[in-house]
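Numbering-wise (UniProt numbering), the sequence shown opens with residue 1 and increments by one.
To start, the structure under review is shown below, and the notes come after it.
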Amino acid sequence: MIRIVIAVIVGFICEYFALIETLDTPNWLIAILLHAIASMLFTFVSYIVIPAKYKSTLFGALLLLFSLLFTLPLFGILGVMFALTFALCKPLKNNDIEIQEHKIPGLPFEVRSISANPTYSMGGLKAILKYASEPNKRLSAVMAARHMSDTQAIPILKLALKDLEDDIRLLAYSTLDAKETKLNEKIGLYQQEILLTTQQPKLSNLQQQLAEIYWELSYLGLAQGALREYVLKKAETLSLQSIEYVQKPATFVFLGRLCLALGKYELALSHLAQATDLGMARRHVLPYKAEVAFCMNKFDDCKRYLKELPEQPKGSELRHLQEYWNA
């Protein structure tokens, strides 16, 4: 503070003598030199007084202040110093502007209401994700997929994970993660309940329900590679434990599908045959037998199974298969 007062006093003295030199017998060299000294002193004072956020560049700030002060006479120096420092230290406030804060929405975003019978389809949404140039359209496709069944939505969400836009990838990932987390929570609950249950047939039913959740992880594509093989084997083990006490035809169909997915084709046929023996209708078993026969390169058996299958509704996938193999 003392240095500022001394600098102001010395600056005024220099500026006073500079003014005298211009009034009496003009000596412009001495007058300019005294005015330059006064300008440097007031530059020093102004730089100390202004807020710290305006002192990012020392040389640039000092040069600007000195240029303004040097090019002006005595009262100009005072006007610039007080106007500049006061304006920077006490900026005007406009209290008429009302600022309303809005919380940042978190993922997943809420979408607009969609009708009970949406017009979009799985193929249409995939086409939008692949070929639409506008990010908003691709984002809308991802949000629309959240209102579809898991079997239809998950391939679309996986495709969205490859999008170049961060928002689209994050929304797709959060949606997939939520689906997987929900299934994993169910697995944890069933595992705890199985540990606490010893009575039959409740234990067998719990084991079969847990096996079906493991199967769902694979069927929906949420488990890939080694993890997929692990969950399928886990489901097979639980189903085999389940049929030790309770033998249901549907459980043997389920085991047939598990063995088909694991590449155990002979065992798959055995389980499917056992399901038929226990009373399962052949129309529920023949499609899987045809698939097993196709994987074993037994195309005649595949054709025979599809021919034995009752005629399916028009437009269904099985109807297309029947028409292809019986053409």
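Just so it is clear, CB atoms sit at the ideal spot from N, CA and C, and this is done for glycine as well.
Rounded to whole angstroms, the separation of the alpha carbons of Ile-168 and Pro-135 is 8 Å. Contact between Leu-255 and Glu-229 is absent: CB atoms are separated by about 16 Å, not below the 8 Å threshold. Using a Cβ distance threshold of 8 Å, Leu-222 and Ile-154 count as a contacting pair.
One Cα belongs to Glu-212, the other to Pro-249, and the distance between them is close to 15 Å.
Arg-257 sits in a helix when the DSSP states are folded into three classes. For Ile-187, the CB contacts under 8 Å within the same chain, skipping 5 residues up- and downstream, are Leu-210, Ile-213 and Tyr-214 in chain order. Of the other Cβ atoms in all chains shown, 16 or more fall within 10 Å of the Cβ of Tyr-190; this residue is therefore buried. Nearest to Ala-293 by C-alpha distance, out of Thr-151, Gly-315, Ser-174 and Leu-260, is Leu-260.
Bounds of the alpha helix (DSSP H) holding Tyr-214 are 202 to 219. Tyr-324 and Ala-268 have their C-alpha atoms spaced approximately 24 Å apart. Tyr-324 sits in a helix when the DSSP states are folded into three classes. Taking every protein chain shown into account, the CB of Ile-128 has 16 or more other CB atoms within 10 angstroms, so this residue is buried. Where His-271 is concerned, the enclosing alpha helix (DSSP H) starts and stops at 265 to 277. Comparing C-alpha distances from Leu-258 to each of Ala-172, Thr-276 and Lys-234 shows the shortest one belongs to Lys-234. When DSSP states are grouped into helix, strand and coil, Ser-133 belongs to the coil group. Per DSSP, reduced to three states, the secondary structure at Gln-312 is coil, with no helix or strand assignment.
The region 139 to 147 and the region 157 to 177 touch, with no fewer than 3 CB-CB distances between them shorter than 8 Å.
By alpha-carbon distance to Cys-14, the top candidate from Ile-2, Leu-29 and His-35 is His-35. Distances from the alpha-carbon of Asn-326 to those of Glu-311, Gly-315 and Ser-316 put Glu-311 closest. With distances taken between CA atoms, Leu-278 lies nearest to Val-246 out of Val-246, Cys-295 and Lys-158. CA-to-CA, the gap between Leu-161 and Lys-103 works out to about 26 Å.
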